[in-house]
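Novice: Sequence lines, in order, name chains S and C.
So the first sequence is numbered by my numbering: it starts at 1 and just counts up by one.
So the second sequence is numbered by my numbering: it starts at 520 and just counts up by one.
Even glycine gets a Cβ: it sits at the ideal position worked out from N, Cα and C.
My structure is below; once you've seen it, I'll send some questions.
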Amino acid sequence: MSFLQAALTKHGGAVEHRPISPITIAAILFAFATTIGIGALSMRLARTTSDFFVASRSVAPLTNASAICGEYLSVASFLGIGGLIMTYGVDMLWFPVGYTAGYVILLVFVAAPLRRFGAYTVPDFVEGRLDSATARRIASGLVVLISVAYVVAQLKGAGITFQALTGLPYWSGVCVVGVVVSANVALGGIRGITFQQAFQYWLKWLMLAIPAIVLTTHFLLDRPVPLPATSLRAWLTPGESMAQLRSHPLLSTYAVIVASSFGTMGLPHILIRFYTNPDGRAARRTTRLVLGLIAAFYIFPLLLAVVGRLAAPDMLAAGSVDTLFLRLPGRLLSGTAGEILSALVACGAFAAFLSTSSGLIASVAGAISQDVFSGDRRGFRLGACVAGVLAILAGLTVRYVDINQLVSWTFALAASSFCPLLMLGIWWRRLSLWGAISGLILGTTSAGASILISFINPPGNTWIRTLIFQPAIWTVPFAFLTMVVVSLLTPKSIPRNVGAKMLQLHLPESLGLSTNYRS
Amino acid sequence: MSGRRLVGERTRVTRSAASPLVAVREMAEHTAVGDAYLRSLMGQQLRAGLVTTGTLAVFLICTPLVLTFVPSVNEWKLFGISFPWLVLGIAAYPFLIGIAHRYIRKAEFHETEFELLVNPPNNASDLPGSGHSG
Numbered sequence: 001m002s003f004l005q006a007a008l009t010k011h012g013g014a015v016e017h018r019p020i021s022p023i024t025i026a027a028i029l030f031a032f033a034t035t036i037g038i039g040a041l042s043m044r045l046a047r048t049t050s051d052f053f054v055a056s057r058s059v060a061p062l063t064n065a066s067a068i069c070g071e072y073l074s075v076a077s078f079l080g081i082g083g084l085i086m087t088y089g090v091d092m093l094w095f096p097v098g099y100t101a102g103y104v105i106l107l108v109f110v111a112a113p114l115r116r117f118g119a120y121t122v123p124d125f126v127e128g129r130l131d132s133a134t135a136r137r138i139a140s141g142l143v144v145l146i147s148v149a150y151v152v153a154q155l156k157g158a159g160i161t162f163q164a165l166t167g168l169p170y171w172s173g174v175c176v177v178g179v180v181v182s183a184n185v186a187l188g189g190i191r192g193i194t195f196q197q198a199f200q201y202w203l204k205w206l207m208l209a210i211p212a213i214v215l216t217t218h219f220l221l222d223r224p225v226p227l228p229a230t231s232l233r234a235w236l237t238p239g240e241s242m243a244q245l246r247s248h249p250l251l252s253t254y255a256v257i258v259a260s261s262f263g264t265m266g267l268p269h270i271l272i273r274f275y276t277n278p279d280g281r282a283a284r285r286t287t288r289l290v291l292g293l294i295a296a297f298y299i300f301p302l303l304l305a306v307v308g309r310l311a312a313p314d315m316l317a318a319g320s321v322d323t324l325f326l327r328l329p330g331r332l333l334s335g336t337a338g339e340i341l342s343a344l345v346a347c348g349a350f351a352a353f354l355s356t357s358s359g360l361i362a363s364v365a366g367a368i369s370q371d372v373f374s375g376d377r378r379g380f381r382l383g384a385c386v387a388g389v390l391a392i393l394a395g396l397t398v399r400y401v402d403i404n405q406l407v408s409w410t411f412a413l414a415a416s417s418f419c420p421l422l423m424l425g426i427w428w429r430r431l432s433l434w435g436a437i438s439g440l441i442l443g444t445t446s447a448g449a450s451i452l453i454s455f456i457n458p459p460g461n462t463w464i465r466t467l468i469f470q471p472a473i474w475t476v477p478f479a480f481l482t483m484v485v486v487s488l489l490t491p492k493s494i495p496r497n498v499g500a501k502m503l504q505l506h507l508p509e510s511l512g513l514s515t516n517y518r519s
Numbered sequence: 520m521s522g523r524r525l526v527g528e529r530t531r532v533t534r535s536a537a538s539p540l541v542a543v544r545e546m547a548e549h550t551a552v553g554d555a556y557l558r559s560l561m562g563q564q565l566r567a568g569l570v571t572t573g574t575l576a577v578f579l580i581c582t583p584l585v586l587t588f589v590p591s592v593n594e595w596k597l598f599g600i601s602f603p604w605l606v607l608g609i610a611a612y613p614f615l616i617g618i619a620h621r622y623i624r625k626a627e628f629h630e631t632e633f634e635l636l637v638n639p640p641n642n643a644s645d646l647p648g649s650g651h652s653g
């Protein structure tokens, strides 16, 4: 049975309707209020255009690292991964490992050179590196595509969370979060979002840490009756649940690893953050801090999932994988204690939709404003609204797809397009304009087509189905190969002053050649 | 702020870089010596990066293979936690932070070395010709 079909049957059951707890409503309102409040506060600070776009490159490393994590740790990490681990067990641990490993690859190949090049977004890098406005436009289109696809996953999370907590229909959550986020981005700009994002990381961390620690302690003190080992065998043993979900467990595992670890560097909202570092060295050190913060976060979904699986295995039978964590505290603790912990998880989940979607909508707004409008604030605001509408419309169609599947697809798109472009553009002098363009287009089309096919009409053959569901494993090498081969065939379109560009990318700032796009 | 104007600015800044350091001027003007400097730095950094990602690749490629084809490792336990959970749930994170930390130390060492090569501290940095002696 495929991942998607599994998700569909899971969602098929009746939705639980519980009375709305006032504590939960207060917690959700708190998440919204802090987001909008900090946004409104920093709007006063966002005076100049440069402030608006890049926070004037004056952000401290820990703030910057927290902001990167605030944006990166989306609802897929907050609710999705934990639910998957609780349901399917050890195989799902590859998701957080891959999402973290992505930062090692980003650190090694991209972080410092991209900062030194002075490019703010991937389209800026593409234009500066290849001297082509056409390539820039293609890259901007891809930023819009990848970001909107990622926002869709967040809005799906918002929809089902709203539904699980209040009983309101799915579309209401999608619309509320979509509208709030676009309005917030349009009003606050990136400066607001830097502080907001840093705050959101710590909020998310706390909102998962407290329930995880309380429920684990409660579970251990309760001296539980050990479950029979046979009932846990598939959950504990590598390959077992992956084999149930997809036909080729080993291939599927590698596909997950490739998508998550190569996709990270291609996420537009993450790359923007590297520009707010003062220099290349700071960009590297920020990345190291990011690795620590992500690891400090992923302990808690793991802990909650293990406790949930051991203490309440019956929960797996009903309802969606993605809402397990919202329901878990109330199931394990009765009365007000359970209600408060549930409310904390709900607050963190909302912080997750709001923060990740804000970052993504800001990068779409940036891309649209630079390339369609004149690059001023009005364009940025219009761009934020356009992005919000696109994401809400798409969000309404993916109600029955697992959040983690949606996020994996986004990572596959990023890994098959921007990842080879950045790696070859930074380290390979012979990358030509046509090589880059054809790699971007073929990589995106092959990954995009696979995703559409698996969404609409998955093929029957198991090998092909595995490769279509998790396409990164073949589309990433394919995109790299296309860029290299076409570049070697079209040496005339290698940018003329490639030496100067390499100097810019790799020379330490102390030697005095660095420039910035926007000062 | 049109994109084309930005590229123009960038090129101009790079070309007019009037650095007091001869080696930096040579790199900016792309003389053979300047190019050799840059290539050596890039080569060092790329090698350090490939060692790090190579280590990462060994971990990411071998772990699923071991867990699949050597099922006996699933019986190993430490503090009641079985080996696959220990590796993927806990040990992977210090490992990733560790290789990142090692890479950063190496990369910064290469850069400091390069700065000393281009701008030796015992020479007055504004003396013409000081860059060649390194």
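1) Between the beta-carbon of S:Ala209 and the beta-carbon of C:Tyr612, is there less than 8 Å?
2) Name, please, each residue of chain S whose Cβ falls closer than 8 Å to the Cβ of C:Glu627.
3) I need the DSSP call for S:Leu547, collapsed to helix, strand or coil.
4) Against chain S, does C:Phe598 count as a neighbour if the rule is that its beta carbon must be under 8 Å from one of theirs?
5) Name the residue from S:Pro123, S:Gln200, S:Pro471 whose alpha carbon lies nearest to the alpha carbon of S:Ile451.
6) Name the chain C residues that come within less than 9 Å of S:Trp463, Cβ to Cβ?
7) Decide if S:Leu577 is buried, meaning its Cβ has at least 16 other Cβ atoms within 10 Å, or exposed.
8) Pull out every residue of the segment 571 to 582 of chain C whose Cβ sits closer than 7 Å to any Cβ of chain S, in chain order.
9) Spatial neighbours of S:Trp235 within its chain, please: C-beta separation below 6 Å, excluding the five flanking residues on both sides.
10) So with CB distances below 7 Å, who are the chain C contacts of S:Phe109?
11) Pull up the DSSP beta-bridge partners for C:Ile600, would you.
12) Give the straight-line distance between the Cα atoms of S:Ala351 and S:Pro495, rounded to the nearest whole angstrom.
13) Please look up how many angstroms separate the CB atoms of S:Thr410 and S:Ala158, rounded, as I've assumed it's under 8 Å.
14) Do S:His248 and S:Ser147 have their CB atoms nearer than 8 Å?
15) Between the beta-carbon of S:Ala436 and the beta-carbon of S:Leu145, is there less than 8 Å?
16) Provide the residue span of the alpha helix (DSSP H) that contains S:Tyr150, from first to last.
17) Do you know how far the Cα of C:Leu605 is from the Cα of C:Leu597?
18) Enumerate in chain order the residues of its own chain whose CB-to-CB distance from S:Leu93 is below 7 Å, with the five nearest sequence positions on each side excluded.
19) Residues of chain C with CB under 9 Å from S:Tyr254, in chain order?
20) By the 10 Å Cβ neighbour count, where 16 or more other Cβ atoms means buried, how is S:Lys156 classified, buried or exposed?
21) With a Cβ-Cβ cutoff of 8 Å, do S:Leu142 and S:Leu440 count as a contact?
22) Please list the terminal residues of the continuous alpha helix (DSSP H) segment that includes S:Glu509.
23) Answer with buried or exposed for S:Thr397, where buried requires no fewer than 16 other C-beta atoms within 10 angstroms of its C-beta.
24) Mind listing the chain S neighbours of C:Gly608? Cutoff is C-beta to C-beta under 7 Å, in chain order.
25) Just verifying my parser: in three-state terms, what is the DSSP assignment at C:Pro639?
26) Can you give the Cα-Cα distance for S:Arg115 and C:Thr587, rounded to whole angstroms?
27) On the criterion of 16 or more Cβ atoms from any shown chain inside 10 Å, does S:Val389 qualify as buried, or is it exposed?
28) Specify the secondary structure class of S:Tyr120 as computed by DSSP and reduced to three states.
29) Grouping DSSP H, G and I as helix and E and B as strand, with all else coil, what is S:Trp428?
30) DSSP on S:Arg496, reduced to helix/strand/coil?
31) Around the C-beta of S:Ala55, are 16 or more other C-beta atoms found within 10 angstroms, so that it is buried, or is it exposed?
32) Taking 8 Å as the threshold (beta carbon to beta carbon), is C:Glu594 in contact with chain S?
33) So, helix, strand or coil for S:Arg399, using DSSP?
34) Under 8 Å, Cβ to Cβ, is there at least one residue of chain C near S:Gly239?
35) Shorter than 8 Å from the beta carbon of S:Ala55 to some beta carbon of chain C?
36) Are there three or more Cβ pairs, one per stretch, closer than 8 Å when the segment 339 to 354 of chain S is compared with the segment 68 to 81 of chain S?
Specialist: Quick look at the numbers:
1) Using a Cβ distance threshold of 8 Å, S:Ala209 and C:Tyr612 do not count as a contacting pair.
2) Contacts between C:Glu627 and chain S, judged by CB atoms closer than 8 Å, involve Arg281, Arg284 in chain order.
3) Because chain S is modelled from 1 through 519, residue 547 of chain S falls outside the range shown and cannot be assessed.
4) Taking Cβ atoms only, chain S never reaches closer than 8 Å to C:Phe598, which makes this a no.
5) Checked all of S:Pro123, S:Gln200, S:Pro471; the closest Cα to S:Ile451 is S:Pro471.
6) Within chain C, no residue comes near S:Trp463; the closest Cβ sits about 17 Å away, beyond 9 Å.
7) Since the first residue of chain S shown is 1 and the last is 519, residue 577 of chain S is not available in this structure.
8) Contact residues of the segment 571 to 582 of chain C toward chain S are Thr571, Thr572, Leu575, Leu579 (C-beta to C-beta distance below 7 Å).
9) Excluding its 5 nearest sequence neighbours in each direction, S:Trp235 has C-beta neighbours in its own chain below 6 Å: Gly89, listed in chain order.
10) Gly568, listed in chain order.
11) Looking at the DSSP assignment, C:Ile600 forms a beta bridge with C:Leu597.
12) The C-alpha of S:Ala351 lies about 44 Å from the C-alpha of S:Pro495.
13) So it is not a contact: roughly 16 Å between Cβ atoms.
14) Not in contact: S:His248 and S:Ser147 (Cβ atoms no closer than 8 Å).
15) Annotated as distal: S:Ala436 and S:Leu145, with beta-carbon spacing of 8 Å or more.
16) Following the DSSP letters along the chain, one finds S:Tyr150 inside the alpha helix (DSSP H) bounded by residues 133 to 166.
17) Across the structure, C:Leu597 and C:Leu605 are spaced so that their CA atoms are roughly 8 Å apart.
18) Correct list, in chain order: Ile85.
19) Those are Leu579, Ile580, Pro583, listed as they occur along chain C.
20) Per the 10 Å Cβ criterion, buried.
21) At the C-beta level, S:Leu142 and S:Leu440 come within 8 Å of one another.
22) No alpha helix (DSSP H) contains S:Glu509, which DSSP labels as neither H nor E.
23) Counting every other CB atom within 10 Å of its CB across the protein chains shown gives S:Thr397 a total below 16, marking it as exposed.
24) Those within 7 Å of C:Gly608 in chain S are Leu93, Leu302.
25) Three-state DSSP puts C:Pro639 in coil, outside helix and strand.
26) Cα to Cα, the separation comes out at about 41 Å.
27) The Cβ neighbour count for S:Val389, taken over all protein chains shown within 10 Å, is under 16; the residue is labelled exposed.
28) DSSP, read as helix, strand or coil, puts S:Tyr120 in coil.
29) S:Trp428: coil per DSSP, three-state reduction.
30) It is coil, neither helix nor strand.
31) Low per-residue confidence applies at S:Ala55: pLDDT is 49, beneath 50, and the placement is therefore not dependable, though the value from the model is reported in the following sentence. So S:Ala55 ends up on the buried side.
32) No, because no Cβ of chain S sits closer than 8 Å to the Cβ of C:Glu594.
33) The answer is coil: DSSP assigns S:Arg399 none of H, G, I, E or B.
34) Cβ-Cβ to chain C under 8 Å: yes for S:Gly239.
35) Low confidence applies here, because S:Ala55 scores a pLDDT of 49, under 50, leaving its location unreliable; read the following figure in that light. False, the Cβ-Cβ gap to chain C never drops below 8 Å.
36) Taking 8 Å as the limit for Cβ pairs, the verdict is that the segment 68 to 81 of chain S does touch the segment 339 to 354 of chain S.
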